[in-house]
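See below for the structure under consideration.
Residue numbers (our numbering): 2 to 131.
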């Protein structure tokens, strides 16, 4: 996506060999849809269905997202530029998002530890540079 937006000015990036499989659910909230006109509700429903078609999956692939071959084998076969990856789920690796939240993102956990260490190193580097 970044390359599509910034072209040759995009920053280089690495695609990891192991990556988390994220399957974002999509839904229409009945309470919200009920307040809209019938054409709006029908358009929202059509859009949700469209997301799981080969043309939509091809658009995702153009922007660098991995396409799920279970959704569109044709789009997945045409996807180029992404090396094969071992995909894992948060559920299998960590026991779900609640467990991952507690382990990595709660106060004092892994993310805080990384940020604290990074900050400490920067302070040390600045002190040496003076």
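Note that CB positions come from ideal geometry on N, CA and C, so glycine has one too.
In this text, all values refer to a predicted model and were calculated from it rather than measured experimentally.
Span of the alpha helix (DSSP H) holding residue i?
i: residue 88; result: Element bounds for residue 88: not the alpha helix (DSSP H) but the beta strand (DSSP E), 87-89.
i: residue 68; result: Here residue 68 belongs to no alpha helix (DSSP H), and DSSP marks it neither H nor E.
i: residue 46; result: 39-51
i: residue 99; result: 98-101
Assign residue i to one of three DSSP states: helix, strand, or coil.
i: residue 30; result: coil
i: residue 81; result: coil
i: residue 122; result: helix
i: residue 64; result: coil
i: residue 56; result: helix
i: residue 16; result: coil
Going by the DSSP bridge assignment, what does residue i pair with across the sheet?
i: residue 21; result: 89
Between the Cα of residue i and the Cα atoms of the options, which residue gives the shortest distance?
i: residue 16; options: 75, 120, 87; result: 87
> Can at least three beta-carbon pairs, one atom from the region 67-85 and one from the region 5-15, be found at a separation below 8 Å?
Replying inline: no
>> Between the region 30-38 and the region 92-111, can you find at least three pairs of beta-carbon atoms closer than 8 Å?
In response: no
> Quick check: the region 18-33 against the region 43-50, are there 3 or more CB pairs under 8 Å?
Replying inline: yes
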